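Peer 1: Following this message is one structure expressed as structure tokens.
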Amino acid sequence: MISLHETPAGLTFVVCPGLMAALVLRRLGSDKITLEVLKTMRVKSLRSAGVLALILQIYLAGPVTWAAPVVGSFSPAVGRPGTQVVINGSGFSTATEVKFDLAIAAFNAASDSRMSATVPLDATSGQIRVTNPTGTGVSSGNFLVAPRISGFSPLRSATNTGVTLEGFNFVGTTNVLFNNKPATFAVTAATQIQATVPTGATNGPITVQTTAGSATTTNDFTVVGPAPIIDDFSPGLGAPGVGVIISGVNFSGAVTVKFNGVTDPMFAVTAPTQISAHVPAAAATGRVSVTTPAGTATSSNTFFVTTAPVITNFFPGRGQTNYTQVTIEGINFNAAPVSGVGFNGKGVTGISTPAPNQIVVTVPNAATTGRITVTNSFGVGTSSNDFVITRAPIIDWFDPVVGPPGTPVTISGVNLSNGPTVLKFNGVNAGFTVTGQNGTQIRSAVPGGATSGPITMTNAYGGFATTSNFFVTGSAPYVSDLSPGAGPRGTTVLITGGNFTNLVAVKFNGVTDPRAIATALTQIQTTVPANATTGPLTVTTSYGTSTNNPIFYVPPRLTGFSPTNGIVGSSVVITGANFTSASGALFNLAAANFTVTASNTISAVVPTDATTGPLTVTTPGGVIISTNNFRVQPNISSFSPTLGPVGTPVTILGTSFFNVTNVSFNNTSAASFTVISPTEVRTSVPSGASTGPIRISTPDGTAVSAANFYVTGTSDLAVGMTASAALQTPGQSLTYALVVTNKGPSIVTGVTLSDTLPPGVTFVSANSSRGSCTFSNGKVTCAMGVLTNGTGETAAITVTAPNEGVLTNTAMVTAVEPDLNPADNTALAVTTVVSDASRTLRIGLVPGSPAVISWPTSAVPFTLQFLNSFAASNNFWQSVTNPPAIVNGRNSVTNDASSGDKFFRLQKP
46 MISLHETPAG LTFVVCPGLM AALVLRRLGS DKITLEVLKT MRVKSLRSAG VLALILQIYL
106 AGPVTWAAPV VGSFSPAVGR PGTQVVINGS GFSTATEVKF DLAIAAFNAA SDSRMSATVP
166 LDATSGQIRV TNPTGTGVSS GNFLVAPRIS GFSPLRSATN TGVTLEGFNF VGTTNVLFNN
226 KPATFAVTAA TQIQATVPTG ATNGPITVQT TAGSATTTND FTVVGPAPII DDFSPGLGAP
286 GVGVIISGVN FSGAVTVKFN GVTDPMFAVT APTQISAHVP AAAATGRVSV TTPAGTATSS
346 NTFFVTTAPV ITNFFPGRGQ TNYTQVTIEG INFNAAPVSG VGFNGKGVTG ISTPAPNQIV
406 VTVPNAATTG RITVTNSFGV GTSSNDFVIT RAPIIDWFDP VVGPPGTPVT ISGVNLSNGP
466 TVLKFNGVNA GFTVTGQNGT QIRSAVPGGA TSGPITMTNA YGGFATTSNF FVTGSAPYVS
526 DLSPGAGPRG TTVLITGGNF TNLVAVKFNG VTDPRAIATA LTQIQTTVPA NATTGPLTVT
586 TSYGTSTNNP IFYVPPRLTG FSPTNGIVGS SVVITGANFT SASGALFNLA AANFTVTASN
646 TISAVVPTDA TTGPLTVTTP GGVIISTNNF RVQPNISSFS PTLGPVGTPV TILGTSFFNV
706 TNVSFNNTSA ASFTVISPTE VRTSVPSGAS TGPIRISTPD GTAVSAANFY VTGTSDLAVG
766 MTASAALQTP GQSLTYALVV TNKGPSIVTG VTLSDTLPPG VTFVSANSSR GSCTFSNGKV
826 TCAMGVLTNG TGETAAITVT APNEGVLTNT AMVTAVEPDL NPADNTALAV TTVVSDASRT
886 LRIGLVPGSP AVISWPTSAV PFTLQFLNSF AASNNFWQSV TNPPAIVNGR NSVTNDASSG
946 DKFFRLQKP
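Take the position in the sequence shown, starting the count at 1, then add 45; the result is the number in my numbering.
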């Protein structure tokens, strides 16, 4: 490739012998063209002095003219600010400006036929325009920009009333929603929508949807009833006849306006939110009310009816006697002739009234610091602040406002020669001569070494500094303001400051704008150059370089992010350029916490509500949206329970459970699942599942639990029980000791010990070594939870024994899992409750008769047993076979005397 300058000179170059090239001219820039070989062909060799060469000479007759850009297709065709749009066409290599409708955009030309541009913040729907030095190319179709809502009015209203939305890009609106409730609407302009609050609307934001996107208000719209509401009125006091503006909502159709019950016959509804009223003649101090067919509203504040003067403002706030003119503003200055104006009790001699509620007076001689008063026949009005009498200097104006050292300057004001006085130009002392009477004017000259800044004067009574600067020429420039303070390449920027003579350079973060021009000593017009980046804007003249340099922000660029996927809470590094002072980082519209670590890097944390989508970075220079999506992967933080058999309901908690496609237990998929929210999924342990991690899959990835879910199986659960006494007397305590054992082979869950107490006992207490016990309706239930194989837990139940009887206590243990041996799932304990008297034998001996053995009848079915001898080894207790006879409430058995001696006892059941 050979570069040629656009001059009418010839160019000679050598083509290898035997080859002829078909050539084409292409433009590289405003001052360069190139020759490109498109095709080669064989030609005969030329020999000259033994050197094989073909000499080709091209002449340029004059400057080359190139075609204006041609804008062909672009993609995408819709988007919000920050969207990167790829534009295809021609003539892009020398492009100087790209616009979306009328908004200048940041762009990058990848080639002469392809470029990318970023939709600017202030873009509106319209054609795309590309400009180069030759002309401008315009797209045939429009790029549609997502809507923007700048405001709405009123901020609250009743249903079926009108609301005006202001903003941009409203053409093509498909829906207007009041807190997601569809409303009827009309697009009255590209910047305005008239909507009606729908029936059933509730408090919340308003959303506008178009084919290009949607926009939602940052503030909520408040739905109120149809009755009127008074928010405020102004002024808050006045005489009869004074006009009062009442602000609120639902004023349409108002029938009456009253001031403390007195009707105003002159009111007018100027808008649904505003009424123009007048204080009626007979009104007294009180509340204001507005009545419509829907009801009556009464103000929360009181309107004060007064004809006395009221001072609302005065200026200036300080001055010199016999010199300073003071303008006093207020109310009721024309209700009756003003008879006097005083400064801390000292009356003035002349009063001027240039307007009905305005008075101009001169501070009187001998006045002192204090309140101002205005008097008429109805009373006296007093200012809320003091007017300060001062002997300190006050500068009203100076002339000229610019010049080099030595320039004569006239300064006018008050107290300019009130004793020893020091004059300074931005801190540099200057001499002066008093030229006006009573120290009202002096004449000075700009001192050597002075720089641009305020003029100050100080005496023994105080000091004064001008609010405007005197600009000293011949010193280093300074920058006070940029307008605008941000923009892409090609943006025209107006620099305000001083000392812009002999301009040398304007630099945007070190990049020079060769077209900058000083249009005045205090103003420069410059254009953001092509390679500018965010940073300080400096101005250099032959006298030096500005030091107070404001930051100019160019649109951000986003070149990548790492990693490209992650879970909520993970860190992402965003790379690009011009991130200084970034105000926002979004993960698909979810705001993230972030830190600008450098002008080209941002460290952001994936927010809780993030979803898969592009990243957005907002800076004072604009907004940029990534062309690639960041994938937000699901994450499992916990699940409950942590173990259980097939069919156990399981709740899984985490983040980013969007579009869940599968839930599995150690790779066995659940038969079904329910996504309760992006942070909760509910399912059940599937058939065939085994112990292992839980997985949740979405299109963006799979989350794997850090802990395993233990799938339990069948096991042998057993229970044993003993009573503290097999025989107990009535009214005494009785404790049952229970032992629950998991004999294996699996862990069991939901272990529950239940004990239905015998009738008649009184429950005292129950506790277990694991879990807790409850008592209800005669039944003790102990929830022991999980038991691993080979382990056991205990429980103790204490009761009070009832009246006499046999107590049979039955306990049972269950678990969620099936049991291998149900036979040992229950246990019994039998206790006999009887008094000592009821179990005492009595033997009746009557000479010549057999002995009679007896015992009291009771609820305990005792059995009478006998033993022939304690000495015989083969002897054992035997039951008396003949049943006892009941005589006088006692069981009686007659001993057979022929059978020899016997020993008797009562055997409990």
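Glycine included, every Cβ here is placed at the ideal spot set by N, Cα and C.
All figures in this text were calculated on a predicted structure; none of them were measured in a lab.
What do you get for Ala716, buried or exposed, if any count of 16 or more other CB atoms within 10 angstroms of its CB means buried?
Peer 2: Walking along the sequence shown from the start, residue 716 turns up at place 671. Exposed.
Peer 1: Would you please state the rounded distance, in angstroms, between the beta carbons of Pro847 and Val806? I believe it to be under 8 Å.
Peer 2: As a position in the sequence shown, residue 847 is number 802, starting the count at 1. As a position in the sequence shown, residue 806 is number 761, starting the count at 1. Contact holds; Cβ gap of about 6 Å.
Peer 1: For Ser457, collect the residues of the same chain with a Cβ closer than 6 Å to its Cβ; drop the 5 residues on either side in sequence, then sort them by chain order.
Peer 2: Taking the sequence shown and counting its residues from 1, one reaches residue 457 at position 412. Within the same chain, Ser457 has close Cβ partners Asp441, Trp442 and Gln486.
Peer 1: Taking the alpha-carbon positions, what's the Val333 to Phe304 distance?
Peer 2: In the sequence shown, counting from the first residue as 1, residue 333 sits at position 288. In the sequence shown, counting from the first residue as 1, residue 304 sits at position 259. So the two alpha carbons sit approximately 5 Å from each other.
Peer 1: According to DSSP, what are the bridge partners of Gln952?
Peer 2: The residue labelled residue 952 in the question sits at position 907 within the sequence shown. DSSP lists Thr908 as partners of Gln952.
Peer 1: So, with DSSP's three-state summary, where would you put Arg125?
Peer 2: Position 80 of the sequence shown, counted from the first residue, corresponds to residue 125. If DSSP states are grouped into helix, strand and coil, Arg125 belongs with coil.
Peer 1: Within 8 Å of any Cβ in chain D, is that where the Cβ of Val825 sits?
Peer 2: The structure shown contains no chain D, having only a single protein chain.
Peer 1: Secondary structure at Ala326, three-state DSSP: helix, strand or coil?
Peer 2: By one-based count along the sequence shown, residue 326 stands at place 281. DSSP places Ala326 in coil when its eight states are reduced to three.
Peer 1: Does the pairing of the region 201 to 215 with the region 261 to 278 give three or more beta-carbon distances under 8 Å?
Peer 2: Touching, yes.
Peer 1: Any chance the region 664 to 681 sits against the region 593 to 605, with 3 or more Cβ pairs inside 8 Å?
Peer 2: Counting Cβ pairs under 8 Å, three or more are found: they touch.
Peer 1: On a CA-only basis, which of Tyr506, Thr347 and Thr256 is nearest Leu282? Give me that one, please.
Peer 2: Position 237 of the sequence shown, counting from 1, holds the residue named residue 282. Taking only the C-alpha atoms, the option nearest Leu282 is Thr347.
Peer 1: Using only alpha-carbon positions, find the residue among Ala563, Asp558, Ser903 and Ala327 that is nearest to Pro577.
Peer 2: Translated into positions along the sequence shown, residue 577 becomes position 532. In the sequence on display, residue 577 carries Ala and not Pro. Ala577 has its Cα closest to that of Asp558, out of Ala563, Asp558, Ser903 and Ala327.
Peer 1: Check this for me: beta carbons of Thr620 and Phe606, under 8 Å apart or not?
Peer 2: Counted from its first residue, the sequence shown places residue 620 at position 575. Counted from its first residue, the sequence shown places residue 606 at position 561. Their beta carbons are under 8 Å apart, which means Thr620 touches Phe606 by this criterion.
Peer 1: Under a three-way DSSP split, which group does Arg884 fall into?
Peer 2: Stepping through the sequence shown from its first residue, residue 884 is reached at position 839. Arg884 falls in the helix class under three-state DSSP.
Peer 1: Express the C-alpha separation of Lys824 and Thr801 in angstroms, rounding to a whole number.
Peer 2: Residue 801 sits at position 756 when you count from the first residue of the sequence shown. Residue 824 sits at position 779 when you count from the first residue of the sequence shown. Going by the C-alpha atoms only, they are around 4 Å apart.
Peer 1: Taking 6 Å as the limit between beta carbons, can you name the residues of its chain near Asn248, skipping five residues before and five after?
Peer 2: In the sequence shown, the residue the question calls residue 248 occupies position 203. Excluding sequence neighbours, Asn248 sits near Asp265, Thr267 and Val268.
Peer 1: By Cβ distance, which residues of its chain are closer than 8 Å to Gln482, with the 5 residues on each side in sequence left out?
Peer 2: Within the sequence shown, residue 482 is the residue found at index 437, counting from 1. Contacts found: none.
Peer 1: Within the continuous beta strand (DSSP E) that includes Pro738, where are the two ends?
Peer 2: Counting from one through the sequence shown, the residue named residue 738 turns up at place 693. It spans Gly737 to Thr743 - the beta strand (DSSP E) in which Pro738 sits, taken as one unbroken run.
Peer 1: Starting from the Cα of Asn460, find the closest Cα among Ala771, Arg436, Ser397 and Gly448 and give me that residue.
Peer 2: Residue 460 sits at position 415 when you count from the first residue of the sequence shown. Measuring from the Cα of Asn460, the nearest candidate turns out to be Arg436.
Peer 1: Go ahead and pull the three-state DSSP assignment for Ala316.
Peer 2: For the purposes of this step, residue 316 is identified with residue 271 of the sequence shown, where counting begins at 1. In this structure, Ala316 counts as strand in the three-state DSSP scheme.
Peer 1: Report all residues from its chain with a CB closer than 7 Å to the CB of Val851; omit the five preceding and five following residues, and keep chain order.
Peer 2: Indexing the sequence shown from 1 puts residue 851 at position 806. These residues qualify, in order along the chain: Val875, Thr877, Val905 and Pro954.
Peer 1: For Thr261, I'd like the list of residues in its chain whose CB is within less than 6 Å of its CB, leaving aside the five on either flank, ordered along the chain.
Peer 2: Working through the sequence shown from its first residue, we reach residue 261 at position 216. Taken in chain order, the residues that qualify are Pro250 and Thr252.
Peer 1: With Lys824 as the anchor, note down where its beta strand (DSSP E) starts and where it stops.
Peer 2: Start at 1 with the first residue of the sequence shown, and residue 824 comes out as number 779. Here the beta strand (DSSP E) through Lys824 covers Lys824 to Leu832.
Peer 1: Touching or not, the region 356 to 368 and the region 334 to 341, by the rule of three or more beta carbon pairs under 8 Å?
Peer 2: No, the region 356 to 368 does not touch the region 334 to 341.
Peer 1: May I ask you to report which of helix, strand or coil DSSP gives Asp869?
Peer 2: Residue numbering aside, residue 869 sits at position 824 when the sequence shown is read from its first letter. Residue state, collapsed to three classes: helix.
Peer 1: Gly124 and Val130 look like a contact to me (Cβ under 8 Å); what is the Cβ gap, rounded to whole Å?
Peer 2: Here residue 124 corresponds to residue number 79 of the sequence shown, with the count starting at 1. Here residue 130 corresponds to residue number 85 of the sequence shown, with the count starting at 1. Right, the Cβ-Cβ distance comes to about 7 Å (below 8 Å), so this counts as a contact.
Peer 1: Assuming Gly426 and Gly375 are in contact, meaning their beta carbons sit under 8 Å apart, how far apart are those beta carbons, in whole angstroms?
Peer 2: In the sequence shown, the residue the question calls residue 426 occupies position 381. In the sequence shown, the residue the question calls residue 375 occupies position 330. Correct: roughly 6 Å between the Cβ atoms.
Peer 1: Would you decide whether Leu909 is buried or exposed? Buried here means 16 or more other CB atoms lie within 10 Å of its CB.
Peer 2: Position 864 of the sequence shown holds residue 909. Looking at its Cβ environment, which holds 16 or more other Cβ atoms inside 10 Å, Leu909 is buried.
Peer 1: So, is Gly451 buried or exposed, given that buried needs 16 or more other C-beta atoms within 10 angstroms?
Peer 2: In the sequence shown, residue 451 corresponds to position 406, counting from 1. Label assigned to Gly451: exposed.
Peer 1: Which value, in whole angstroms, describes the spacing of the CA atoms of Phe509 and Thr466?
Peer 2: Walking along the sequence shown from the start, residue 509 turns up at place 464. Walking along the sequence shown from the start, residue 466 turns up at place 421. So the two alpha carbons sit approximately 11 Å from each other.
Peer 1: Give every residue of the same chain whose Cβ lies closer than 7 Å to the Cβ of Asn153, excluding the five residues on either side of it in the sequence, and list them in chain order.
Peer 2: Numbered from its first residue, the sequence shown carries residue 153 at position 108. Counting only Cβ-Cβ distances below 7 Å, and skipping sequence neighbours, we find Met160 and Ser161.
Peer 1: Strictly by DSSP, which residues pair up with Asn989?
Peer 2: Because the chain here runs from 46 to 954, residue 989 falls outside it and cannot be looked at.
Peer 1: How long is the line joining the alpha carbons of Gly136 and Thr541, rounded to whole angstroms?
Peer 2: Within the sequence shown, the letter at position 91 stands for residue 136. Within the sequence shown, the letter at position 496 stands for residue 541. Approximately 36 Å between the Cα atoms of the pair.
Peer 1: In terms of DSSP beta bridges, what is Tyr781 paired with?
Peer 2: Your numbering for residue 781 matches position 736 in the sequence shown. Tyr781 pairs with Ala768 and Ile842.
Peer 1: Evaluate Arg887 with the Cβ neighbour count: other Cβ atoms within 10 Å of its Cβ, from every protein chain shown; 16 or more gives buried, anything less gives exposed.
Peer 2: Reading the sequence shown from its first residue, position 842 is the one you call residue 887. The residue in question, Arg887, is exposed, as its Cβ has fewer than 16 Cβ neighbours within 10 Å.
Peer 1: Starting from Tyr755, follow its DSSP beta bridges and name the residues at the other end.
Peer 2: Locating residue 755 in the sequence shown gives position 710, where the first residue counts as 1. Beta-bridge pairing links Tyr755 to Leu688.
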